[in-house]
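Q: In UniProt numbering, the protein residues as written are 1 to 883. Glycine residues also receive a C-beta, built at the ideal position from the N, C-alpha and C atoms.
(1) How about residue 312 and residue 338: do their beta carbons lie closer than 8 Å?
(2) Residue ranges of each alpha helix (DSSP H) run of no fewer than 4 residues wholly in the region 557-645, ordered along the chain?
(3) Please classify residue 482 as buried or exposed, where buried requires at least 16 neighbouring CB atoms within 10 angstroms.
(4) For the region 100-113 against the region 183-192, do three or more pairs of beta-carbon atoms, one drawn from each stretch, fall closer than 8 Å, so that the two count as touching?
(5) DSSP three-state label for residue 516, please.
(6) Below 8 Å CB to CB, which residues in the same chain sit around residue 519 once its five sequence neighbours on both sides are set aside?
(7) Going by DSSP, what residue range makes up the alpha helix (DSSP H) through residue 378?
(8) Grouping DSSP H, G and I as helix and E and B as strand, with all else coil, what is residue 465?
(9) Alpha carbons only, please: which of 166, 234, 692 is nearest the one belonging to residue 374?
(10) Around the C-beta of residue 320, are 16 or more other C-beta atoms found within 10 angstroms, so that it is buried, or is it exposed?
(11) For the alpha helix (DSSP H) that residue 260 lies in, which residues bound it at each end?
(12) So residue 815 is in the alpha helix (DSSP H); what residue range does that whole segment cover?
(13) Candidates 215, 199, 281: which alpha carbon is nearest residue 233's?
(14) Can you tell which of 640, 878, 34 has the C-alpha that lies nearest to the C-alpha of residue 410?
(15) In chain order, what residues of the same chain lie with their CB nearer than 6 Å to the CB of residue 850, ignoring the 5 residues before and after it?
(16) Among the residues of its own chain, which have a CB less than 7 Å from the CB of residue 124, if the five just before and after it don't count?
(17) With distances taken from CA atoms, which of 642, 685, 858, 864 is nearest residue 735?
(18) Look at residue 876 and residue 817 and say whether their C-beta atoms are less than 8 Å apart.
(19) What separation, rounded to the nearest whole angstrom, lies between the Cα atoms of residue 28 and residue 468?
(20) According to DSSP, which residues form a beta bridge with residue 394?
(21) Does DSSP classify residue 437 as helix, strand or coil?
(22) Looking at residue 368 and residue 167, is the spacing between their C-beta atoms short of 8 Å?
(23) Over the uninterrupted beta strand (DSSP E) stretch that includes residue 148, give me the two end residues.
(24) So residue 634 and residue 605 are in contact, right, with Cβ under 8 Å, and what is the actual spacing, rounded?
(25) Could you tell me the boundaries of the alpha helix (DSSP H) in which residue 83 lies?
(26) May I ask which residues mark the beginning and end of the beta strand (DSSP E) holding residue 169?
(27) Which partner residues does residue 408 have in the DSSP bridge list?
(28) Around the Cβ of residue 831, are there at least 16 other Cβ atoms within 10 angstroms (buried) or fewer (exposed)?
(29) Could you work out which residue in 223, 225, 208, 428 is closest to residue 217 when comparing CA atoms only?
(30) Identify, in the order they occur along the chain, each residue of the same chain with its Cβ nearer than 6 Å to the Cβ of residue 342, setting aside the five sequence neighbours on each side.
(31) With a threshold of 16 other CB atoms inside 10 Å of the CB of residue 40, please say whether the residue is buried or exposed.
(32) Leaving out five residues before and five after residue 396 in sequence, what residues of the same chain have Cβ atoms less than 6 Å from its Cβ?
(33) Within this structure, are the beta carbons of residue 220 and residue 346 separated by less than 8 Å?
(34) Give me the Cα-Cα distance between residue 724 and residue 812, rounded to the nearest whole angstrom.
(35) I need the straight-line Cα distance from residue 478 to residue 455, nearest angstrom please.
(36) Just checking residue 15 against the ligand ZN - is the residue's beta carbon closer than 7 Å to any of the ligand's heavy atoms?
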């Protein structure tokens with residue numbers, strides 16, 4: 001234990017009493033047997049059920065989790081890790097440096113809140129991390145008597161329900177969001193998979209709640225798309241010149257068509273009006289220009305299997321299930337001459353901003369959140385607490401080196417790699433796009449420097465974890481597009497686990513049995529290199545390979561068994577027992593070599609990080625720097641920049657560019673404090689711009705979100721109710737009341753009232769005809785009562801008619817009709833709201849507040865939607881029949 005990792009740390013002082021109490025319980029819990037630990041866990045659950053107070057059992061729950069993780073994983077949580085867990089339990093964000101064990105930190109607050117039996121969600125950014133964390137940390141929870149769930153992309157409804165019903169569920173942010181939307185489109189309560197939300201821990205919280213905040217989750221349906229117009233628009237823009245026919249606003253990712261441009265396009269297309277609402281060409285032209293001037297192959301997307309696959313600019317990963325909206329994706333497809341797919345219309349949508357605010361208790365963890373603290377507090381009401389490191393941080397952040405152009409910069413990076421590689425120090429290079437990573441790879445080839453490449457290309461993604469894990473090996477050079485949320489630690493000297501699994505997998509797959517000609521020889525490709533491996537290892541390996549049952553396993557099965565066996569504490573069958581023994585033996589064997597390599601790499605200075613460009617956000621730069629110097633290791637980081645880099649080019653200003661160019665005499669870099677300040681200022685301005693954009697999105701979506709909550713609450717009540725008869729009768733009465741109110745206010749004539757009632761309620765409402773001439777003599781209250789009675793009679797007549805033909809059908813029909821029309825009208829409402837938002841933006845020129853205008857009209861739209869839904873449901877129900 002460290003003497004005092006919390007010295008002069010205010011956050012540690014805040015939780016010092018709890019930390020002392022947790023540590024005082026450690027000795028007591030060490031004396032308990034495994035069964036007594038589980039018994040204690042059960043007692044804590046009962047204690048919570050008795051008084052519904054988690055505060056009283058926090059210290060015991062944390063101490064119990066620490067003991068459980070030590071017994072199952074061999075990992076004892078440091079005090080700083082307990083501190084991180086306490087921050088998470090307080091509904092805050094814990095900022096912990098890379099390598100400080102965030103995955104383990106989440107176990108204590110997750111276990112504590114799972115004692116409520118209301119469910120805990122631990123959200124990760126990809127399926128691999130969710131699966132890995134559930135397998136490894138699940139051992140801790142199971143030891144304490146908890147069960148865990150895992151949500152994966154290809155799961156069916158029943159599987160999802162079972163996993164969401166678990167005490168603790170690991171799930172990706174996108175799967176969780178889409179399950180929420182699908183639940184609120186379900187026509188049967190048995191299709192709903194989620195329980196009411198309770199507590200959520202978001203891993204890489206800045207990636208989910210900041211970087212992806214502007215990308216809403218959308219469930220959509222294909223609609224008829226004018227494919228020809230996308231193709232023609234892509235050809236037309238070839239005849240346009242930049243700054244003459246159109247202007248490019250690279251800062252705001254927008255294109256502005258000039259008057260000359262509009263005239264030129266109209267002449268080419270042979271039309272009179274580019275903006276004709278009945279046959280508009282302008283959206284196709286603008287999207288085609290954006291696709292050509294702002295969206296680039298191997299930067300913003302890749303082309304794979306005749307499809308445009310978006311690349312996430314923050315994580316460097318591909319997003320095969322995402323498409324750009326409003327026709328932009330089709331425009332890029334036309335540009336790249338791939339199959340143009342149908343456009344989509346939104347059926348349901350939600351932003352991460354409003355989705356995660358549905359949790360009564362929300363927390364998160366990441367290595368980089370402090371720079372976005374204001375946004376977390378203002379939008380999510382989440383404060384950020386910086387957790388001290390278990391060991392002192394030894395990373396050296398060298399000053400930025402600035403070159404006059406990109407050629408000089410890339411050449412300098414290659415020469416720096418060549419110089420460092422002579423000492424065998426490992427190097428990790430961060431690039432901003434697929435294109436630049438491949439270009440740097442080709443440059444290193446010219447210098448005869450071997451390297452590993454990690455970018456969004458599928459062939460590289462498959463080896464992602466292995467590439468990252470081995471980036472700390474001696475002599476290794478790794479090029480990666482982005483290092484955010486990779487989820488694999490870079491261990492100096494190499495990662496033993498990945499090396500062992502690769503070795504054993506190769507042995508098992510490449511094994512060839514002895515032949516009659518050479519019956520004493522068995523070929524194990526890698527065992528020749530394992531000098532000193534035990535005879536028992538070879539004996540178990542031979543027995544396993546010669547087992548006829550094991551031979552039936554495919555390569556994929558073997559790899560799955562290896563990964564699962566490494567996570568299982570008590571193997572459940574002979575194959576797992578054998579594999580567990582082999583893995584343990586290999587790990588013991590490799591540890592000796594790894595310890596030597598680890599010491600050598602530390603003496604060389606640890607991992608050397610090279611940044612090739614400043615990112616739009618300081619957080620992304622810090623994520624790259626944070627990949628080195630984990631847990632007290634040494635490390636160095638340095639950024640190589642040029643005046644042609646995007647950030648300086650767009651935000652540095654022409655005067656700054658001119659001044660800096662005059663400072664360069666040759667290809668020698670400079671370290672200018674003025675330029676560094678300019679870069680910091682540019683990043684800060686860009687962060688402010690993106691924050692304003694996200695805040696603006698949040699304010700608009702908050703209005704829609706209130707309406708969404710009303711709709712989803714209404715849907716859930718209908719799904720869960722045994723009968724919706726009361727609602728239908730109330731809807732019919734409401735329609736009659738609205739019509740009579742308009743009659744009373746002279747907004748409708750008597751004949752119009754009769755026409756509307758007959759049109760709505762159909763021929764069954766024929767009694768009205770007998771009295772229409774005498775309606776003037778009716779008192780309004782009497783008239784309303786009479787019409788209510790006639791509607792009830794009409795409704796009961798229809799119920800009897802349908803029930804006679806098919807017993808019990810009416811209740812299912814009523815519920816389905818209401819849900820279908822709620823969904824239909826909500827879909828149309830979303831489209832109207834999207835158009836409204838575009839329209840109100842122009843009203844600022846008339847000195848009117850667009851947000852207020854949007855709010856007022858959104859309310860009217862919503863009120864109108866409710867009225868239309870009522871009319872459609874009653875109209876269809878009265879006219880329904882069974883053939």
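A: Judging by the given coordinates:
(1) Against the chain shown, residue 312 aligns to sequence position 312. Against the chain shown, residue 338 aligns to sequence position 338. Not a contact, by the Cβ cut-off of 8 Å.
(2) 574-604, 618-625
(3) Residue 482 sits at position 482 when you count from the first residue of the chain shown. With 16 or more other Cβ atoms within 10 Å, it is buried.
(4) no
(5) By 1-based counting over the chain shown, the position of residue 516 is 516. Its pLDDT being 44, under 50, residue 516 is placed unreliably in this model, and the value from its coordinates should be taken loosely. Coil at residue 516, not helix or strand.
(6) Along the chain shown, read from residue 1 onward, the residue named residue 519 stands at position 519. Below a pLDDT of 50, predicted positions are generally treated as unreliable, and residue 519, at 42, falls in that range; no measurement from the model is reported.
(7) To locate residue 378, count along the chain shown from 1; it is residue 378. Residue 378 -> alpha helix (DSSP H) spans 373-380.
(8) The sequence position of residue 465 within the chain shown is 465, counting from 1. Three-state result, residue 465: helix.
(9) Position 374 of the chain shown, counted from the first residue, corresponds to residue 374. Of 166, 234, 692, the residue nearest in Cα terms is 692.
(10) The residue given as residue 320 occupies position 320 in the chain shown. Residue 320 is exposed by the Cβ-count criterion.
(11) In the chain shown, the residue the question calls residue 260 occupies position 260. Start and end: 259-269.
(12) Here residue 815 corresponds to residue number 815 of the chain shown, with the count starting at 1. Note, residue 815: alpha helix (DSSP H), 809-840.
(13) For the purposes of this step, residue 233 is taken as the residue at position 233 of the chain shown. Checking every option, the nearest Cα to that of residue 233 belongs to 281.
(14) Translated into positions along the chain shown, residue 410 becomes position 410. If we check each option's Cα against that of residue 410, 640 comes out closest.
(15) The residue labelled residue 850 in the question sits at position 850 within the chain shown. So the list reads 840, 841, 843, 844, once near-sequence residues are dropped.
(16) Here residue 124 corresponds to residue number 124 of the chain shown, with the count starting at 1. 130, 133, 170, 172, 203, listed in sequence order.
(17) Here residue 735 refers to the residue found at position 735 when the chain shown is read from its first residue. The shortest C-alpha separation from residue 735 is found at 864.
(18) Start at 1 with the first residue of the chain shown, and residue 876 comes out as number 876. Start at 1 with the first residue of the chain shown, and residue 817 comes out as number 817. The answer is yes: Cβ separation under 8 Å.
(19) Residue numbering aside, residue 28 sits at position 28 when the chain shown is read from its first letter. Residue numbering aside, residue 468 sits at position 468 when the chain shown is read from its first letter. For residue 28 and residue 468, the distance between alpha carbons rounds to 40 Å.
(20) Here residue 394 refers to the residue found at position 394 when the chain shown is read from its first residue. Note: residue 394 sits in a beta bridge opposite 634.
(21) Along the chain shown, read from residue 1 onward, the residue named residue 437 stands at position 437. Correct three-state label for residue 437: helix.
(22) Here residue 167 corresponds to residue number 167 of the chain shown, with the count starting at 1. Here residue 368 corresponds to residue number 368 of the chain shown, with the count starting at 1. Going by C-beta atoms, residue 167 is not nearer than 8 Å to residue 368.
(23) Your numbering for residue 148 matches position 148 in the chain shown. Residues 148-150.
(24) For the purposes of this step, residue 634 is taken as residue 634 along the chain shown, with counting starting at 1. For the purposes of this step, residue 605 is taken as residue 605 along the chain shown, with counting starting at 1. Yes, they are in contact, since the Cβ atoms of residue 634 and residue 605 sit about 6 Å apart, within 8 Å.
(25) Counted from its first residue, the chain shown places residue 83 at position 83. Start and end: 79-89.
(26) Locating residue 169 in the chain shown gives position 169, where the first residue counts as 1. 168-172 is the span of the beta strand (DSSP E), which, as asked, contains residue 169.
(27) Stepping through the chain shown from its first residue, residue 408 is reached at position 408. Paired residue(s): none; residue 408 is not in a bridge.
(28) Here the question's residue 831 lines up with position 831 in the chain shown. The residue is exposed, with fewer than 16 neighbouring Cβ atoms inside 10 Å.
(29) One-based indexing of the chain shown puts residue 217 at position 217. Among 223, 225, 208, 428, the Cα nearest to that of residue 217 belongs to 208.
(30) By one-based count along the chain shown, residue 342 stands at place 342. Closer than 6 Å at Cβ, skipping near neighbours: 222, 225.
(31) Stepping through the chain shown from its first residue, residue 40 is reached at position 40. That one is buried.
(32) On the chain shown, residue 396 is found 396 positions in, with the first residue counted as 1. The answer, listed in chain order, is 636.
(33) Here residue 220 corresponds to residue number 220 of the chain shown, with the count starting at 1. Here residue 346 corresponds to residue number 346 of the chain shown, with the count starting at 1. Yes, they are a contact pair.
(34) Taking the first residue of the chain shown as 1, we reach residue 724 at position 724. Taking the first residue of the chain shown as 1, we reach residue 812 at position 812. The straight-line gap from Cα to Cα measures roughly 9 Å.
(35) The count along the chain shown starts at 1 and reaches residue 478 at position 478. The count along the chain shown starts at 1 and reaches residue 455 at position 455. So the two alpha carbons sit approximately 11 Å from each other.
(36) Of the ligands one can find in the structure shown there are none, so the ligand ZN has no counterpart to examine.
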